[in-house]
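J.:
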Amino acid sequence: MRLLRHALAVLMVPVMAAMVVAGGRTLKGSESVITVDQLDPGADTMAQQAAGTVPQEPATSAIAAPQPPKPAPHSRAIDPEIVAPPELPADGLERVEPREPLSKLALAVPPKPKMPDDWNGTKLFQPVAPAAGLIEAKGYSVAVSGIDIVRQDETCSEDGKTWPCGVRARTAFRAFLRGRAVVCTVPPQGGRDLIAAECRIGKQDVGQWLVDNGWARAARGGPYIEAGDKARTAKKGIFGSAPDLSGMPAMPAAPRPAPQAPGSILEEVDGVLKPADQPAPAQ
Numbered sequence: 000m001r002l003l004r005h006a007l008a009v010l011m012v013p014v015m016a017a018m019v020v021a022g023g024r025t026l027k028g029s030e031s032v033i034t035v036d037q038l039d040p041g042a043d044t045m046a047q048q049a050a051g052t053v054p055q056e057p058a059t060s061a062i063a064a065p066q067p068p069k070p071a072p073h074s075r076a077i078d079p080e081i082v083a084p085p086e087l088p089a090d091g092l093e094r095v096e097p098r099e100p101l102s103k104l105a106l107a108v109p110p111k112p113k114m115p116d117d118w119n120g121t122k123l124f125q126p127v128a129p130a131a132g133l134i135e136a137k138g139y140s141v142a143v144s145g146i147d148i149v150r151q152d153e154t155c156s157e158d159g160k161t162w163p164c165g166v167r168a169r170t171a172f173r174a175f176l177r178g179r180a181v182v183c184t185v186p187p188q189g190g191r192d193l194i195a196a197e198c199r200i201g202k203q204d205v206g207q208w209l210v211d212n213g214w215a216r217a218a219r220g221g222p223y224i225e226a227g228d229k230a231r232t233a234k235k236g237i238f239g240s241a242p243d244l245s246g247m248p249a250m251p252a253a254p255r256p257a258p259q260a261p262g263s264i265l266e267e268v269d270g271v272l273k274p275a276d277q278p279a280p281a282q
């Protein structure tokens, strides 16, 4: 019996193997099919190699294709004791013109304020002259261009006499203005900074009038150099002598100070308090 069981067991081994192979070939399910090839893709190849039917690859297929040569990297000799730029070919450099600035913000000079198309200056009404050649009006502080302003506290000397020529020049300039509107080439919007500009009253150039009459000096390199030389030669204005005040009325005498009322009605005389002298009543 034991031998029979062993014989049956040996016979069942190939039968079971055949059933496993047949069942693995195709497993039918509800939606999918799984084959043995998917589980072991190298099984067929191994079977073909065992049968001797797999084509042999040529021996040269294992040799890699030749690669193109890589360019040599750019290098230069480096000396730790010498710092020098790399050598560059002279014919490879080309000088080009600088590009235009991207905007006006890149310019060194700030952009000028935009003026109206019909703008021919700004009218300054009721001008005030703190000094000869200096005008303040409508929030503007304008120095007439082309001249050197004569300060109010300036003094001049002629024939050993000193006289306040700055005050005299300011007075003459105020008499010339007479509160008339002055047109100056300043922006429509005023500011607190001092602006040098050309000014005129009607068709009269203010700077030209000041220099012609000697109430201002012509600025170096300005347009009134010739007029300034003529005024200096003719000794006009501040270049002349002190004004003659002989015909002017004498200055009134300073008023006498009013008598001070005594601090007390009693005063000490020889250690004795006595009534103080009272001022006489005004008539």
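For the sequence shown, numbering that gives the first Met the number 0 begins at 0 and goes up steadily by one.
Backbone N, C-alpha and C define an ideal beta-carbon position, used for all residues, glycine too.
(1) Looking at C-alpha atoms only, which residue of G145, G120, R167, H5 is the closest neighbour of A131?
(2) Just to confirm my understanding: we take Q188, look at its own chain, exclude 5 residues before and 5 after, and list those with CB closer than 7 Å. What are they?
(3) V185 and V141: beta carbons closer than 9 Å?
(4) Write down the C-beta distance between G206 and I146 rounded to the nearest angstrom, noting that I regard them as a contact closer than 8 Å.
(5) May I ask you to report which of helix, strand or coil DSSP gives Q123?
(6) Determine the burial state of N212: buried for a count of at least 16 other Cβ atoms within 10 Å of its Cβ, exposed for fewer.
(7) Using only alpha-carbon positions, find the residue among E225, Y139, R179 that is nearest to L193.
(8) Considering only the beta carbon of each residue, do S144 and G221 sit closer than 9 Å?
(9) Work out the CA separation of K122 and E157 for me, nearest whole Å.
(10) Looking at the secondary structure, which residues open and close the alpha helix (DSSP H) in which T170 lies?
(11) Between R216 and G227, which are expected to be in contact by the criterion C-beta below 8 Å, what is the C-beta distance as a whole number of angstroms?
(12) Taking DSSP's pairing of strands, which residues face R216 in a bridge?
(13) Do you know how far the Cα of C155 is from the Cα of C164?
(14) Leaving aside the five residues before and after A136 along the sequence, list all residues of the same chain whose C-beta is less than 8 Å from its C-beta, in chain order.
(15) First and last residue of the alpha helix (DSSP H) that includes V210?
(16) Can you tell which of T170, P13, N119, E96 has the C-alpha that lies nearest to the C-alpha of E197?
(17) Taking the alpha carbon of Q203 as the point to measure from, which residue in A218, A195, R179 has its own alpha carbon closest?
(18) Classify I148 as buried or exposed, calling it buried when 16 or more other Cβ atoms lie within 10 Å of its own Cβ.
(19) Where do the ends of the beta strand (DSSP E) carrying R199 lie?
(20) To which residues of the same chain is K229 closer than 8 Å at the C-beta, ignoring the five residues directly before and after it?
(21) Does the Cβ-Cβ distance between A233 and K160 come in under 9 Å?
(22) Within 10 angstroms of the Cβ of R1, are there 16 or more other Cβ atoms? Answer buried if so, exposed if not.
(23) Cβ of Q151 within 9 Å of Cβ of R177?
(24) Apart from the five residues on each side of it in sequence, which residues of its chain come closer than 6 Å, Cβ to Cβ, to A171?
(25) Within the continuous beta strand (DSSP E) that includes E225, where are the two ends?
T.: Checking against the coordinates, here is how it stands:
(1) R167
(2) Cβ neighbours of Q188 beyond the five flanking positions: none.
(3) yes
(4) 5 Å
(5) According to the sequence as given, residue 123 is Leu; it is not Gln. The answer is strand: DSSP assigns L123 an E or B state.
(6) buried
(7) That would be Y139, whose Cα lies nearest to the Cα of L193.
(8) yes
(9) 39 Å
(10) 164-176
(11) 6 Å
(12) D147
(13) 6 Å
(14) L123, F124, Q125, P126, V127, V181
(15) It spans 205-211 - the alpha helix (DSSP H) in which V210 sits, taken as one unbroken run.
(16) That would be N119, whose Cα lies nearest to the Cα of E197.
(17) The candidate whose alpha carbon is nearest that of Q203 is R179.
(18) buried
(19) Here the beta strand (DSSP E) through R199 covers 198-200.
(20) D211
(21) no
(22) exposed
(23) No, Cβ-Cβ distance for Q151 and R177 is not below 9 Å.
(24) Taken in chain order, the residues that qualify are W214.
(25) Note, E225: premise wrong, no beta strand (DSSP E); alpha helix (DSSP H) at 224-232.
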